[in-house]
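J.: Have a look at this one.
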Amino acid sequence: MFSLAVFFQSFGPLFWAARYTLLISVLGIGLGIVIGTLICAARLSPYPPLRRFAAVWVSFLRGVPLLVQLLVFYYALPVIGLDVPAMVAAVVTVGICASAYISEIWRGAIAALPKGQAEAAVAIGMTPVDVWTRVILPQAVTLSLPALINELILLVKASSLVSVVGILEITRASQAQAATTFRPLEVYIAAACIYLLINLCLAALGRYLEHRTAV
Amino acid sequence: MLAASSVEMRKVNKYYGKFQALKDIDLSIPPGKVTCLIGPSGSGKSTLLRCINFLEEYDSGEVRIDGQLIGYDAPNKKMSGRRLREMRRSIGMVFQQFNLWPHMTARENVAEGLIRVRRISKADADRRASEALAKVGLADKSASHPSRLSGGQQQRVAIARAIAMEPKLMLFDEPTSALDPELVGEVLSVMRTLAGEGMTMVVVTHEMGFAAHVADQVGFMEKGELVSVASPDRILHRPEDARIQSFLRTYHERNSF
Amino acid sequence: MEWSVLQQYGPSLLKGFGNTILCWALGTVFGMALGLVIALIQRYAPRWVTWIVQIYIEVIRGTPFLVQLFVLYYGGPLVGLRLDALPAGLLGLTIYGSPYFAEIFRSGFRAVPDGQIEAARAIGMSESDIVRRILLPLGLVSALPALVNFSIILTKETVILSIITVPELLYQVQRMSAETFRYVEANLVLALFFWGLVETISRVGLRLEARITKHLIERT
Numbered sequence: 001m002f003s004l005a006v007f008f009q010s011f012g013p014l015f016w017a018a019r020y021t022l023l024i025s026v027l028g029i030g031l032g033i034v035i036g037t038l039i040c041a042a043r044l045s046p047y048p049p050l051r052r053f054a055a056v057w058v059s060f061l062r063g064v065p066l067l068v069q070l071l072v073f074y075y076a077l078p079v080i081g082l083d084v085p086a087m088v089a090a091v092v093t094v095g096i097c098a099s100a101y102i103s104e105i106w107r108g109a110i111a112a113l114p115k116g117q118a119e120a121a122v123a124i125g126m127t128p129v130d131v132w133t134r135v136i137l138p139q140a141v142t143l144s145l146p147a148l149i150n151e152l153i154l155l156v157k158a159s160s161l162v163s164v165v166g167i168l169e170i171t172r173a174s175q176a177q178a179a180t181t182f183r184p185l186e187v188y189i190a191a192a193c194i195y196l197l198i199n200l201c202l203a204a205l206g207r208y209l210e211h212r213t214a215v
Numbered sequence: 001m002l003a004a005s006s007v008e009m010r011k012v013n014k015y016y017g018k019f020q021a022l023k024d025i026d027l028s029i030p031p032g033k034v035t036c037l038i039g040p041s042g043s044g045k046s047t048l049l050r051c052i053n054f055l056e057e058y059d060s061g062e063v064r065i066d067g068q069l070i071g072y073d074a075p076n077k078k079m080s081g082r083r084l085r086e087m088r089r090s091i092g093m094v095f096q097q098f099n100l101w102p103h104m105t106a107r108e109n110v111a112e113g114l115i116r117v118r119r120i121s122k123a124d125a126d127r128r129a130s131e132a133l134a135k136v137g138l139a140d141k142s143a144s145h146p147s148r149l150s151g152g153q154q155q156r157v158a159i160a161r162a163i164a165m166e167p168k169l170m171l172f173d174e175p176t177s178a179l180d181p182e183l184v185g186e187v188l189s190v191m192r193t194l195a196g197e198g199m200t201m202v203v204v205t206h207e208m209g210f211a212a213h214v215a216d217q218v219g220f221m222e223k224g225e226l227v228s229v230a231s232p233d234r235i236l237h238r239p240e241d242a243r244i245q246s247f248l249r250t251y252h253e254r255n256s257f
Numbered sequence: 001m002e003w004s005v006l007q008q009y010g011p012s013l014l015k016g017f018g019n020t021i022l023c024w025a026l027g028t029v030f031g032m033a034l035g036l037v038i039a040l041i042q043r044y045a046p047r048w049v050t051w052i053v054q055i056y057i058e059v060i061r062g063t064p065f066l067v068q069l070f071v072l073y074y075g076g077p078l079v080g081l082r083l084d085a086l087p088a089g090l091l092g093l094t095i096y097g098s099p100y101f102a103e104i105f106r107s108g109f110r111a112v113p114d115g116q117i118e119a120a121r122a123i124g125m126s127e128s129d130i131v132r133r134i135l136l137p138l139g140l141v142s143a144l145p146a147l148v149n150f151s152i153i154l155t156k157e158t159v160i161l162s163i164i165t166v167p168e169l170l171y172q173v174q175r176m177s178a179e180t181f182r183y184v185e186a187n188l189v190l191a192l193f194f195w196g197l198v199e200t201i202s203r204v205g206l207r208l209e210a211r212i213t214k215h216l217i218e219r220t
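Chains as they are written, first to last, in the working numbering: chain G, 1 to 215; chain A, 1 to 257; chain E, 1 to 220.
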């Protein structure tokens, strides 16, 4: 009943499609880190309008399903005259969505640092900039590495949704395979295996980093 | 006079991986008597105590309650959970951290075991729980949750929870160590009353005064060994063993100012 | 959007919303139940059973929900599992949520101090009584915030069910926009709607959580 031949044959095209999954996830997290850092800075800034903007940004992006965000972007961009390739729209959407979560990761890590850390730095006469760049951020980044890897794993899974706007990543490729072979069970299980493989590797990397940075 | 149990420990050994926590423990606890275990922290006192109701599983040797082996049916053959629970019903235990259940009132804490374990009707259990609470001087706190009680009151509720089950043997694992100094007295006085009623008690403690005045015998432990068991006077006032002398010296130094 | 459009599509949108709530509510309840069973298995079952359960958890957590739905809905018939879109979606949501709920229950159980379990054991309570009277009530309280949080996450996952043609809200909105060509407006309104929904549920959840916690722990 379960055709091993179809199952194994699916891996070739699906692996080939996996580079788009990885590309979207990695670019997405990169963009997410850049925007997320800015949002986090805004959130912690002393200016109420900035803080409010950041809070709304985070709340909106975490409240709206990624699939709906994707559809909004995909249909809205051409309307406002930005005729970009679907791939760009996908990366931007995924990155913006991730920024909300990453800004919260930063915020959590900074909040988790003992107050005494900053106080000790101030006490020996460091400037506020030094306090941030020399004491707080290095520790916060180390603290939040596992959470960032976790976010990357989430993005790998979430990137399956960009299949709906026609990007030929793992999920879309498996749909095409299923349609030509008429063996959806084997093909989709193969797709699941590839996702699992990627995520197990990432999880192992996360554990390694956590272990290495644990003092 | 209560029915009181005796405990016999023979060649009891306990390992945590390679570390030997108990070394060939031989100890007789006569019925109706109070036995205090003293010694430096990490010496195995609590481990020994917890082997008596098999919360800690000893690896070799025998622990007998009224002649009945606890924890094992035969060497290397563990007792069934049901039989173990039956034996535990007649052994009360009081913990250092009280371990009251925070989602139940004082009375519910005491009644829980009566209802679930002894299958007594709720009304009867409530009545008995109130009696037990009255006995430890907390009749007025029966509707309070543990978070509303002081440490000393919590520990007295824990004692009530144990005695409501009508045990024939009571184990106390450092019952006053987690208490502020001014709250120690109320707990010790409840324990003293209990001892006066002829309950068999095994008490791990750092309260030398309690050991001196209430205990019938005192055991001194160090590094998993039961160094000596004798009358309180012999151990606390005329110790022969150098290890006991040095322990008591440290104790007195710390408690004088 | 014009009034006539809403009049025309109102009923189907409402039905879609109903299905979204249905999927979310049942998916959450079933997922939680399965998660609780898994957490109890992990605590009490023999080693080899916990390993099998662990593999299940890794597989579900390591793969996208969408692919799980494809396996279930399109692959299922090949092994005799023929489900309509809605039940398939419900089953998928249950399976998808279960390992996360299990993890939440597991850490809730871990937060119950060992001593309080030991105290129950010392008076001779049976394991099943200990679970029902001590472990569950206390574990649930500490698990509550995470349970509420993950239930909210699940509301968002329900839109993915539209891809396997479950007639929930996004599905109806897509159908409407395909007929009216109002893609941007329709999706934007949907986004705002979800934002409001999730914010509301979070607020209600927070209040509920505070109340239950207070009721269970303090009862002052």
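We treat Cβ as the ideally placed atom computed from N, Cα and C, and that holds for glycine. Bear in mind the structure is a predicted one, so any value in this text is a computation, not a measurement.
Interface residues of chain E around valine 227(A) at Cβ under 7 Å?
T.: Those do not exist, as valine 227(A) stays about 27 Å from chain E at its closest Cβ, beyond 7 Å.
J.: Kindly list, in the order they appear in chain E, the residues whose Cβ is closer than 8 Å to that of isoleucine 189(G).
T.: Ordered by position in chain E, the residues that pass the 8 Å Cβ test against isoleucine 189(G) are Val71 and Gly75.
J.: Quick one: does methionine 199(A) have its CB under 8 Å from some CB of chain E?
T.: Methionine 199(A) does not count as touching chain E.
J.: Against chain E, which members of the stretch 91 to 118 of chain A pass a CB distance test of less than 7 Å?
T.: So the close ones are Met93, Phe95, Gln97, Asn99, Trp101, Pro102, His103, Glu112, Gly113, Arg116 and Val117.
J.: Go ahead and pull the three-state DSSP assignment for isoleucine 60(E).
T.: Note: isoleucine 60(E) maps to helix in three-state DSSP.
J.: Whose C-beta lies closer than 8 Å to the C-beta of glutamine 20(A) among residues of the same chain, with five residues either side of it excluded?
T.: Result list for glutamine 20(A): Asn13, Lys14 and Gly224, in chain order.
J.: So serine 99(G) contacts chain E; which residues on that side make the cut at Cβ distance below 8 Å?
T.: Those do not exist, as serine 99(G) stays about 16 Å from chain E at its closest Cβ, beyond 8 Å.
J.: Hey, could you find the ends of the beta strand (DSSP E) glycine 219(A) is sitting in?
T.: 217 to 222 is the extent of the beta strand (DSSP E) around glycine 219(A).
J.: So what does DSSP say about alanine 164(A), is it helix, strand or coil?
T.: Three-state result, alanine 164(A): coil.
J.: Taking the alpha-carbon positions, what's the leucine 71(G) to asparagine 187(E) distance?
T.: Approximately 7 Å between the Cα atoms of the pair.
J.: Tell me, please, whether the CB atom of valine 164(G) is closer than 8 Å to any CB atom in chain E?
T.: Cβ-Cβ to chain E under 8 Å: yes for valine 164(G).
J.: Candidates Ile104(E), Gly16(E), Asn19(E) and Trp24(E): which alpha carbon is nearest glutamine 42(E)'s?
T.: Answer by Cα proximity: Ile104(E).
J.: For the alpha helix (DSSP H) that contains asparagine 13(A), what are its first and last residues?
T.: Element bounds for asparagine 13(A): not the alpha helix (DSSP H) but the beta strand (DSSP E), 7 to 16.
J.: Going along chain A in order, which residues have a C-beta closer than 9 Å to the C-beta of phenylalanine 115(E)?
T.: Just to set this straight, residue 115(E) is glycine in the shown sequence, not phenylalanine. Within chain A, the residues near glycine 115(E) are Phe95, Gln96, Gln97, Phe98 and Asn99.
J.: Alpha carbon to alpha carbon, how far is isoleucine 170(G) from glycine 10(E)?
T.: Each residue's Cα considered, the two are about 36 Å apart.
J.: Verify the CB distance criterion: does phenylalanine 194(E) have a CB-CB separation below 8 Å to chain G?
T.: Closer than 8 Å: yes.
J.: Cβ closer than 7 Å: which chain E residues qualify as neighbours of arginine 85(A)?
T.: Simply Gly124 and Ser126.
J.: Helix, strand or coil for serine 231(A), going by three-state DSSP, please let me know.
T.: Residue state, collapsed to three classes: coil.
J.: Lysine 135(A) by DSSP, collapsed to three states: which one?
T.: Correct three-state label for lysine 135(A): helix.
J.: Measuring only between beta-carbons, confirm whether serine 10(G) sits less than 8 Å from chain E.
T.: So no, serine 10(G) is outside the interface.
J.: Using the C-alpha atoms, what's the distance from isoleucine 201(E) back to glutamate 222(A)?
T.: Looking at the two C-alpha atoms, the distance is approximately 58 Å.
J.: Under the rule that 16 or more other beta-carbon atoms within 10 Å means buried, what is asparagine 76(A), buried or exposed?
T.: The residue is exposed, with fewer than 16 neighbouring Cβ atoms inside 10 Å.
J.: Is DSSP giving tyrosine 72(A) helix, strand or coil here?
T.: The answer is strand: DSSP assigns tyrosine 72(A) an E or B state.
J.: Got a sec? Which residues, its chain only, sit under 7 Å from methionine 1(E) by beta carbon, not counting five neighbours each side?
T.: At methionine 1(E), the pLDDT of 49 sits below 50, so the modelled position is not reliable; the number obtained from the coordinates is stated separately. Contacts found: Arg182 and Glu185.
J.: How many Å lie between proline 239(A) and lysine 78(A) at the Cα?
T.: Between proline 239(A) and lysine 78(A), the C-alpha separation is close to 39 Å.
J.: Put aspartate 24(A) into one of helix, strand or coil per three-state DSSP.
T.: Reduced to three states, the DSSP call for aspartate 24(A) is strand.
J.: Determine the extent of the alpha helix (DSSP H) in which methionine 170(A) is found, giving its start and end residues.
T.: Where methionine 170(A) is concerned, there is no enclosing alpha helix (DSSP H), although the beta strand (DSSP E) it sits in stretches over 169 to 173.
J.: Any beta carbon of chain E sitting closer than 8 Å to that of valine 84(G)?
T.: Not one chain E Cβ lies under 8 Å of valine 84(G).
J.: Apart from the five residues on each side of it in sequence, which residues of its chain come closer than 8 Å, Cβ to Cβ, to alanine 139(A)?
T.: Hits under 8 Å: Ser130 and Leu133.
J.: Against chain G, which members of the stretch 145 to 163 of chain E pass a CB distance test of less than 7 Å?
T.: Against chain G - using a Cβ distance shorter than 7 Å - the residues of the stretch 145 to 163 of chain E are Lys156, Val159, Ile160 and Ile163.
J.: Between threonine 220(E) and tyrosine 47(G), what straight-line distance do the alpha-carbon atoms span, to the nearest angstrom?
T.: Interpretation of threonine 220(E) is limited by its pLDDT of 39, a score under 50 that renders its predicted location unreliable; the figure taken from the coordinates is listed afterwards. When rounded, the distance between both Cα atoms is 40 Å.
J.: Just verifying my parser: in three-state terms, what is the DSSP assignment at lysine 33(A)?
T.: Coil at lysine 33(A), not helix or strand.
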